[in-house]
Amino acid sequence: QQQVKQSPQSLIVQKGGIPIINCAYENTAFDYFPWYQQFPGKGPALLIAIRPDVSEKKEGRFTISFNKSAKQFSLHIMDSQPGDSATYFCAAGSGGSNYKLTFGKGTLLTVNP
Amino acid sequence: DSGVTQTPKHLITATGQRVTLRCSPRSGDLSVYWYQQSLDQGLQFLIQYYNGEERAKGNILERFSAQQFPDLHSELNLSSLELGDSALYFCASSLYQVPHNEQFFGPGTRLTVL
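Line order of the protein sequences matches chains A and B.
First residue of the first sequence? That's 2 in this note's numbering, and the numbers climb one at a time after it.
First residue of the second sequence? That's 8 in this note's numbering, and the numbers climb one at a time after it.
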């Protein structure tokens, strides 16, 4: 059972475009929603994260929008650059007795020059 | 460089064999996580240790086991290997045991089972 659904699987944009990656979750116990960026041959690295008490968080060109009632969150990349080409993973986590992150299946983003 | 080291980088072995993957967390981090990454399943959480104790389990097969040693390095043991175990295995570490702490991923070990 996949608890975090991510779309699209792949995305191609031109330099300067605003790619949007969407995720939906089912478990209302999730209270931490990070996005990870992974370049080929490397491990994932934390990009930005949000808690459900805010609806939006910006860090540089990266913005997370969070809709608690719809159980959805998305990543927007403003003024995208070829160097942003990577695989992006959303994830969701919760505290409690079973600490873990559940990841989406990833989105391969290609930003053309 | 995340500060997390994993050895070996690549491992090629045969079905039925047993392998051990090693992970050294960032200096000061007490929590270690193991993940399996494959094309069809994405990034799957396997198991977490905190300061030597198992804290959380994910989709880890019974043929797989892990431990964290007093010096905080961790090993993931995979036995009776099958073709389907071919994947990238990542180790991550964080300061504390809750997922709200940033997890720093190592470069991974690519396992190929022939």
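Note that beta-carbon positions come from the ideal geometry of N, C-alpha and C, so glycine has one too.
| message | Three or more C-beta pairs under 8 Å: does that hold for the region 6–13 of chain A against the region 88–108 of chain A? | response | The answer is yes - the region 88–108 of chain A touches the region 6–13 of chain A, with three or more Cβ pairs under 8 Å.
| request: Figure out for me which residue from Y26/A, Y37/A, K16/A has the closest Cα to the Cα of T88/A. | output: Of Y26/A, Y37/A, K16/A, the residue nearest in Cα terms is Y37/A.
| Pick from R25/B, N108/B, G91/B, F112/B: whose alpha carbon is nearest that of L46/B? | Ranked by Cα distance from L46/B, the first of R25/B, N108/B, G91/B, F112/B is G91/B.
| request: Report yes if the CB atom of P32/B is closer than 8 Å to the CB atom of S100/B, and no otherwise. | output: In this structure, P32/B sits near S100/B, with a CB-CB distance shorter than 8 Å.
| request: Check P114/A in the structure and name its three-state DSSP category. | output: P114/A carries a coil assignment under DSSP once its states are collapsed to helix, strand and coil.
| query | In chain order, what residues of the region 42–73 of chain B put their CB closer than 7 Å to some CB of chain A? | reply | Of all residues in the region 42–73 of chain B, G49, L50, F52, Q55, R62, A63, G65 have a Cβ within less than 7 Å of some Cβ in chain A.
| field | Rounded separation between A30/A and I51/A - CA only | value | Distance between the alpha carbons of A30/A and I51/A: 14 Å.
| query | Looking only at its own chain, which residues have a Cβ that is under 7 Å from the Cβ of R62/A, when we skip the five neighbours before and after it? | reply | Cβ neighbours of R62/A beyond the five flanking positions: I78, M79, D80.
| message | With distance defined between alpha-carbon atoms, name the residue in K101/A, G17/A, C91/A, P83/A nearest to S75/A. | response | Per the C-alpha coordinates, the member of K101/A, G17/A, C91/A, P83/A positioned closest to S75/A is C91/A.
| field | Whole-number beta carbon distance between Q55/B and K101/A, since they are thought to touch under 8 Å | value | With 8 Å as the limit, K101/A and Q55/B qualify as a contact, their Cβ atoms being about 6 Å apart.
| query | How about A25/A and K58/A: do their beta carbons lie closer than 8 Å? | reply | Not in contact: A25/A and K58/A (Cβ atoms no closer than 8 Å).
| request: Confirm, please, whether the CB-CB distance from S81/B to A73/B is below 8 Å. | output: Yes.
| field | Three-way DSSP call (helix, strand, coil) for P35/A in this model | value | In this structure, P35/A counts as strand in the three-state DSSP scheme.
| Closer than 9 Å, Cβ to any Cβ of chain B: which residues of the region 30–51 of chain A, in chain order? | Residues passing the 9 Å Cβ filter: D32, Y33, P35, Y37, Q39, G42, K43, G44, P45, A46, L47, A50.
| query | What three-state label does DSSP hand L90/B in the structure shown? | reply | Looking at L90/B - three-state DSSP - the assignment turns out to be helix.
| query | Roughly how many angstroms lie between the CA atoms of E109/B and I19/A, to the nearest whole one? | reply | In a straight line, the C-alpha of E109/B is about 26 Å away from that of I19/A.
| message | According to DSSP, simplified to helix, strand and coil, what is G84/A? | response | Three-state result, G84/A: helix.
| Can you name the residues of chain B whose CB is closer than 7 Å to the CB of F104/A? | Within chain B, G49, L50 have C-beta atoms less than 7 Å from the C-beta of F104/A, given in sequence order.
| query | By how many angstroms is the C-alpha of K69/A removed from the C-alpha of G35/B? | reply | When rounded, the separation of the alpha-carbon atoms in G35/B and K69/A is 34 Å.
| query | Does the beta-carbon of P45/A have 16 or more other beta-carbons within 10 angstroms, so that it is buried, or is it exposed? | reply | Buried, because 16 or more other Cβ atoms sit within 10 Å of the Cβ of P45/A.
| field | Nearest candidate by alpha-carbon position, reference E60/B, set L37/B, T20/B, T27/B, G113/B | value | When each option's Cα is compared against that of E60/B, the closest is L37/B.
| query | Closest Cβ-Cβ distance between K101/A and chain B: below 8 Å? | reply | By this cut-off, K101/A is an interface position.
| Where L88/B and D85/A are concerned, what is the direct C-alpha to C-alpha distance, given to the nearest angstrom? | Cα to Cα, L88/B sits roughly 36 Å from D85/A.
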